[in-house]
DNA sequence: AATACTTTTAACTATTCAGTACATTTTGCC
DNA sequence: GGCAAAATGTACTGAATAGTTAAAAGTATT
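Residue numbers (the numbering used here), protein chains in the order written: chain F, 321 to 540; chain R, 321 to 540.
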């Protein structure tokens, strides 16, 4: 009797194609959700609900959950590294250049907590997805080259100790800047949130930069 | 016909009760699995398969997945803090005491990667479970008290800068020691694993301790 | 206007997995 | 040795969820 049948004649019309926009929208939402919930904690349906499109399109463009996660990771690195590009330290004397670099890194990490959380999650996964991305690996050596230049100038000027290793120095700067964001929840749960007020963070940024400087200076 | 039937007359007998042992066994395995896979990534069935008991007992003793995770977290903190108890620095001059404390922390973190990973996971979860545990919160102020003592002695002796904050100093020591373990996967994926050989780690430990010392010393 | 690509809608499948029901065995206690 | 409580085993259930199917309509390309 055709009772199960359709009033489906509403012709769905009036939409534009926008492949790039759809993908960007999905990536933006997925970044938030993955950063908040991790890889296995994330529900594709939750992402889908927050985008302006549907779950179907996520699979259409990204294949599966891991594919989406991998793309999110690449996009996050690309965005953050792009933000670092504006920094030009060649004109400064080596000590000032290093101070500026540390202070910038400290602020930059603070300004991108989602990125930090994605890196944390990647570390829990033994960096499996990061290793798989050739794009990401290439970009990061630039940071080392910049540091090597500062070190060379400082050493030549006699203000830095000889024999400094740029990778170790980068490690040190990263450790202090990264931990500040990554471990804020547990640290403030254990010791209070005083250290994370704006004022305290400004002081801490200077403290960190001075600490790094002290560790490279020529002992008198 | 009785063909589907049983040689099941083996009367299942011959087991001993061992509540404490069973719980300890579950906690040990669960610590590994949670540290490897996170909260949502962990499968209770996987834990059960690796213990000498069954899933049934996990729920019997720990209620649910989150209950087990919370107990794992507490046990991990308890174990790690117990390992720190042996350190007695009161007899040393302040600079030596601080050096020893930093070097010990660096090694201690390295020796307990599962603990570090649990803390990382906790940070991804905004420290929700850590905050809920009163046990954990109490223990950690001891670390600050110890540092405050060293600072006071160093300041009195005129070798440390005045006005040092023990929480900030603890933050600094933790950052350098924690990052070394937590971010090893991504860091070595990006910059190579050289920094993580035993020899390089020994050098890094000294570098870190000297860095911390340089940051607290009285400027000349 | 033919053809390939993009988007929508909506239901559907198959599996994984947290948590449970219920029976059985051990143990401490009287 | 009998009873209650604690401990354990086995099998099951129900919900969540990654990923699919199908059909059709709109849009871009040439």
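Think of the CB as a built atom: it goes at the ideal place given N, C-alpha and C, for glycine as much as any other residue.
Keep in mind the model is a prediction, meaning the values are calculated, not measured.
- Cβ-Cβ distances below 7 Å link residue 479 of chain F to 414, 415, 537 and 538 in the same chain, with the five nearest sequence neighbours on each side left out; the list follows chain order.
- The continuous stretches of alpha helix (DSSP H) do not include residue 514 of chain R, and DSSP gives it neither H nor E.
- Look at the segment 381-400 of chain R: it has no residue with a C-beta under 7 Å from a C-beta of chain F.
- Pairing residue 509 of chain F with residue 337 of chain F, the inter-Cα distance amounts to about 48 Å.
- Contact between residue 515 of chain R and residue 488 of chain F holds: CB atoms are separated by about 7 Å, below the 8 Å threshold.
- Spatial neighbours of residue 349 of chain F in its own chain (CB-CB distance under 6 Å, excluding positions within 5 residues in sequence) are listed in chain order as 367, 370 and 371.
- Taking C-alpha positions only, residue 365 of chain R is separated from residue 382 of chain R by approximately 14 Å.
- Closer than 9 Å at the C-beta level to chain R, one finds these residues of the segment 500-520 of chain F: 500, 502, 503, 504, 505, 506, 507, 508, 509, 510, 511, 512, 514, 515 and 520.
- Taking 9 Å as the cut-off, the Cβ atoms of residue 412 of chain R and residue 355 of chain R do not count as close.
- In the DSSP annotation of this structure, the continuous segment of the alpha helix (DSSP H) that includes residue 440 of chain R starts and ends at 433-444.
- The beta carbons of residue 484 of chain F and residue 528 of chain F sit about 18 Å from each other, so the pair does not count as a contact at 8 Å.
- Boundaries of the alpha helix (DSSP H) around residue 377 of chain R: 375-382.
- Residue 480 of chain F: not part of any alpha helix (DSSP H); DSSP gives it neither H nor E.
- The continuous alpha helix (DSSP H) containing residue 492 of chain R extends over residues 486-502.
- Taking 7 Å as the Cβ-Cβ cut-off, the segment 438-461 of chain R approaches chain F at 439, 440, 441, 442, 443, 444, 446, 447, 450, 451, 457 and 460, given in chain order.
- Interface annotation, residue 369 of chain R: not in contact with chain F, CB-CB separation never under 9 Å.
- For residue 430 of chain F, not one C-beta of chain R is nearer than 9 Å to its own C-beta.
- Look at residue 527 of chain F: its C-beta is under 9 Å from a C-beta on chain R.
- Contact between residue 490 of chain F and residue 464 of chain F holds: CB atoms are separated by about 6 Å, below the 8 Å threshold.
- For residue 351 of chain F, no Cβ of chain R is located within less than 9 Å of the residue's own Cβ.
- Contact between residue 533 of chain R and residue 347 of chain R does not hold, since the beta-carbon distance rounds to 38 Å and is not under 8 Å.
- Going by DSSP, residue 521 of chain R is part of the alpha helix (DSSP H) stretching over 518-536.
- For the options R/512, R/429 and R/450, the alpha carbon positioned closest to that of residue 389 of chain R is the one of R/450.
- Among the residues of the segment 462-476 of chain R, those with a Cβ less than 8 Å away from any Cβ of chain F are 464, in the order of the chain.
- No Cβ-Cβ contact shorter than 9 Å links residue 445 of chain F with residue 400 of chain F.
- Short of 6 Å from the beta carbon of residue 433 of chain R, and not among the five residues preceding or following it, lie these beta carbons of its own chain, in chain order: 501.
- Excluding the 5 residues flanking it on each side, residue 373 of chain R has same chain C-beta neighbours closer than 8 Å at 342, 345 and 346, in chain order.
- Your pair residue 423 of chain F and residue 504 of chain F does not check out as a contact, with CB atoms roughly 18 Å apart and the cut at 8 Å.
- CA-to-CA, the gap between residue 431 of chain F and residue 377 of chain F works out to about 30 Å.
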